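Taking it in order: structure first as structure tokens, then the write-up.
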Amino acid sequence: MNSKLKRLLNKRKAVGIGDVTKASEDDIKSYNRSEFKQSVFRKLYKPKTHNITERTFIIPVTDGAVTGYLFEKLKNKAIAGQNSLIIFFHDGGWMLGNMRKGNAICSNICDVTGATVLSVDYRLAPQFKFPTPLEDCYQAFVWAAQGARYWKVDPDKIYLMGNCAGGNLAASVSRLARDRKGPKIAGQILISPMTDGRLRTESYENFKECPTLTKKTMSFYIQNYSREPKDILDPLFSPLLAKDHSRLPETLIICADHDPLLDDSRLYADALTSADSPAKCLVCKNTVHSFIDFPSLEEWKDSMSAISTFIGGRSVSGIEMISRKERKRLERRPHLVVQ
């Protein structure tokens, strides 16, 4: 783990929840509502606000409603046109959902990629267990696809994206869309997704004390998300365990090399590829789970470059982590960056 990431993780302690396995229900609710200390928050997450507009929508779902936050980048009218849409599902083990933090990630994704981003504030466990958060995300996706034309979004360029538990939800929403004959998905972007709830892979043992996600914490999340132990074997809970991986959207998976979910990422990419669903797993070196939170990291910039290329239309088979030298060259010549 590099020194810059260590400093960021130390700063995050001031706005984090600590050991969630020891937190009370009130502690969790307080974290989810927290405004954070402004100076620390901006140093950590650096949300882009210049030339980014944010709108809030109430999205109807079964037995209730969820909130959606839409981020759009102001563009020169001379080059305005239909945009890509990224529907984003946040991390937090299906239990934590501070939308100020989640929306900082989305404003940065919007700024770098140029895509419109919809952040979904799905209902959380343990009050709402599997499959309620998943159904919230699927219904929000259908709602967004139906309203895409009002946001000047190309309905053929809708992408699903999520990190950790959000990556799990994005993968399962794609399966529901396939099986229910839902709206078309151009691709999915899974950041360190949980794909196998049994926690049996080698990377769980190798990195079980990862500073941003321990095996104990992941087990706690799964226990609170599931209604009963057999839920873990459901393909919509553990997508890797599905028998059919065919006819799924093109998939870009990005993970860290020191991450308990490293094998979940690699094995899921392999399973999709073996069923002729185009997929690729890119591994960021010398970093840990949740690096995607911190836009000052080089690994974040590398990942955003790959994501921008993917939603720009390049086949996932041709996407690589470009060198820092090449990325800096592209940053000096922005017309070369695919958006």
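To convert, note that position 285 of the sequence shown is 893 in the working numbering; the numbers rise steadily by one, no gaps.
Where is the CB? At the ideal position from N, CA and C, for every residue including glycine.
Note that the structure is a prediction, hence the values are computed from the model and not measured.
Can you find the residues in the same chain that come closer than 7 Å, C-beta to C-beta, to residue i, ignoring five residues on each side of it along the sequence?
i: Ser854; result: Ala883, Asp884 and Ser885
i: Thr616; result: Rather than Thr, the amino acid found at residue 616 in this sequence is Leu. These residues qualify, in order along the chain: Leu652 and Phe902.
i: Lys760; result: Gln690 and Asn691
i: Asp762; result: Gln690, Asn691 and Ser692
i: Gly790; result: Val750 and Leu784
i: Lys681; result: Asn659, Ile660, Cys718, Asp719 and Gly722
i: Thr881; result: Ala887
i: Tyr639; result: Ile625, Leu704 and Asn706
i: Lys824; result: Thr629
8 Å is my cut-off, CB to CB: does residue i come that close to chain B?
i: Asn894; result: Looking for chain B here will not work: only one protein chain is present.
Just how far apart, CA to CA, sit residue i and residue j?
i: Val728; j: Gly705; result: 10 Å
i: Glu813; j: Pro801; result: 17 Å
i: Lys685; j: Asn691; result: Only weak support exists for where Lys685 lies, its pLDDT of 47 falling under 50; the value from the coordinates is given anyway. The alpha-carbon atoms of Lys685 and Asn691 are separated by roughly 13 Å.
i: Tyr653; j: Ile713; result: 7 Å
i: Lys838; j: Asn832; result: 13 Å
i: Gly775; j: Gly626; result: 22 Å
i: Ser904; j: Ala785; result: 35 Å
i: Leu732; j: Phe697; result: 12 Å
i: Thr657; j: Arg788; result: 37 Å
i: Leu869; j: Ser925; result: 22 Å
i: Arg922; j: Lys709; result: 30 Å
i: Glu906; j: Ser916; result: 15 Å
i: Ser715; j: Ser911; result: 15 Å
i: Met826; j: Ile797; result: 21 Å
i: Ser953; j: Leu777; result: Residue 953 lies beyond the range of the chain shown here (609 to 947); nothing can be said about it.
i: Asp867; j: Gln646; result: 29 Å
i: Gly701; j: Asp719; result: 26 Å
i: Ala673; j: Arg663; result: 16 Å
i: Glu810; j: Tyr758; result: 46 Å
i: Gln947; j: Tyr677; result: With a pLDDT of 39 at Gln947, under the threshold of 50, the modelled position of that residue is not reliable, and the figure given next carries that caveat. If I take the Cα positions, the gap works out to 21 Å.
i: Pro655; j: Leu807; result: 33 Å
i: Glu858; j: Gln754; result: 21 Å
i: Val896; j: Arg641; result: 26 Å
i: Glu633; j: Glu836; result: 20 Å
Check whether the Cβ of residue i lies closer than 7 Å to any heavy atom of the ligand ADP, and answer yes or no.
i: Val924; result: Ligands in the displayed structure: none, and consequently the ligand ADP is not present.
On the DSSP bridge assignment, give the partners of residue i in chain order.
i: Asp729; result: Thr675
i: Leu870; result: DSSP output for Leu870 lists no bridge partner at all.
i: Phe696; result: Ser727 and Met769
i: Ala883; result: In DSSP, Ala883 forms no bridge with anything.
i: Cys892; result: Ala864
i: Val761; result: Asn691
i: Ile667; result: Val674
i: Thr661; result: Glu680
i: Ile799; result: Asn771 and Ile862
Sorted by chain position, which residues of the same chain lie with C-beta nearer than 6 Å to residue i's C-beta, five sequence neighbours on each side aside?
i: Met707; result: Asp729
i: Ile950; result: Beyond the ends of the chain as shown, which are 609 and 947, falls residue 950; an answer cannot be given.
i: Val669; result: Asp744 and Gln747
i: Ser898; result: Thr820
i: Thr675; result: Asp729
i: Ala850; result: Pro843
i: Asp804; result: Ser846, Leu848 and Asp872
i: Asp671; result: none
i: Pro734; result: Asn832
i: Asp852; result: none
i: Ala631; result: Ile625
So residue i and residue j are supposed to be a Cβ contact under 8 Å. How far apart are they, rounded?
i: Ala877; j: Lys888; result: 6 Å
i: Cys772; j: Asp699; result: 4 Å
i: Glu793; j: Ile830; result: With the sequence shown as reference, residue 793 is identified as Ile, and Glu is not the correct amino acid for it. Actually they do not touch by this definition, with Cβ atoms about 26 Å apart.
i: Gly795; j: Leu742; result: With a Cβ gap of about 19 Å, Gly795 and Leu742 do not count as contacting.
i: Asp865; j: Cys892; result: 7 Å
i: Met769; j: Ile840; result: Rounded, the Cβ-Cβ distance is 24 Å, inconsistent with contact.
i: Ile862; j: Ile799; result: 5 Å
i: Ile660; j: Phe679; result: 6 Å
i: Leu875; j: Leu856; result: That pair is no contact at about 15 Å.
i: Val648; j: Lys619; result: 6 Å
i: Thr721; j: Ile900; result: That pair is no contact at about 13 Å.
i: Trp751; j: Ile666; result: Contact doesn't hold; Cβ gap of about 10 Å is too wide.
i: Asn894; j: Asn711; result: 28 Å between Cβ atoms; not a contact.
Can you give me the Cβ contacts of residue i inside the same chain, cut-off strictly under 8 Å, excluding the 5 residues immediately before and after it?
i: Glu928; result: Leu890 and Ala914
i: Ile636; result: Ile625, Val628, Met703 and Leu704
i: Asp764; result: Lys792 and Ala794
i: Ala560; result: In the structure as shown, the chain begins at 609 and stops at 947. Residue 560 is therefore absent and cannot be evaluated.
i: Ala622; result: Lys645 and Val648
i: Phe828; result: Val628, Thr629 and Gly701
i: Lys612; result: Ser904 and Leu905
Would you be able to state if there are at least three C-beta pairs under 8 Å between the segment 809 to 825 and the segment 774 to 783? no
Counting pairs of beta carbons, one from the segment 731 to 745 and one from the segment 835 to 845, are three or more of them closer than 8 Å? Flag = yes, the segment 731 to 745 and the segment 835 to 845 touch.
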